[in-house]
Amino acid sequence: MRIEVILVHTDKFIKDIAPAAQDCCRRTGVFASCIIAQAALESGWGRTVPVDEKTGRSSNNLFGIKGEGPCGCIEIPHMEYENGKRVWRKAKFRCYHDYAECIRDWEEVIMHDRYKPVREARTPDEAAHQLYRCGYATDLEYPQKLMSIMRQYNLYSYDND
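Quick note on numbering: the numbering used here labels position 50 of the sequence shown as 48, and the sequence is numbered without any gaps.
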């Protein structure tokens, strides 16, 4: 039964964010499959978005984007990789009204010159590698994790809207 519940949740998560990811793809050139996989990985399929410890308010922050967002921010401890080792630090994470607003904000982040190779990638897998190379994530396995999600959930099909 647990596997069935997880599959229903992942399918719903994909369907909920796919339209915003496809819109973002049209505007930025970043593959929708890669955007969806990144949102799934960074947020645990929407289950581990940063939540305010005092109020319980969800940040709707699918990508772990730090700083001040349209709905303010929350400060929580989070794990990063530094020199290949996991370390815990407190950081401020942006808050959004909903997932679509978060994806639009991610779009602004990805439009910085630093991420030009991500936007110019010719395949979703190349985009996954470029996200790591451009410094979006510190986890050495980040590209492989994204590609595994894209394959397992056939997210490549969202690139042909």
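In this text, a Cβ means the ideal position worked out from N, Cα and C, and glycines have one as well.
Bridge partners - residue i, DSSP secondary structure assignment
i	result
Pro141	Per DSSP, none; premise fails for Pro141.
Gly62	According to DSSP, which records beta bridges pairwise, Gly62 is partnered with nothing at all.
Val28	Its beta-bridge partners do not exist; DSSP assigns none.
Lys90	Glu73
Gly67	Gly70
CA nearest to the CA of residue i, picked from the options
i	options	result
Val28	Leu138, Ile63, Leu129 and Thr136	Leu129
Ile63	Tyr156, Thr26, Lys13 and Tyr134	Tyr134
Asp137	Gln36, Pro17 and Ala89	Gln36
Thr46	Asp111, Phe61, Thr53 and Tyr113	Phe61
Beta-carbon proximity check, residue i vs residue j, cutoff 7 Å
i	j	result
Asn58	Cys100	yes
Arg87	Gly65	no
Gly67	Tyr97	no
Asp103	Ile72	no
Cys22	Glu106	no
Ala38	Ile147	yes
Pro115	Ile74	no
Thr26	Arg117	yes
Coil, strand or helix - residue i by DSSP
i	result
Tyr154	helix
Pro122	helix
Met77	strand
Ile1	Residue placement at Ile1 is poorly supported in this model, since its pLDDT is 40, which falls under 50; the coordinates still yield a value, given next. Correct three-state label for Ile1: helix.
Lys10	helix
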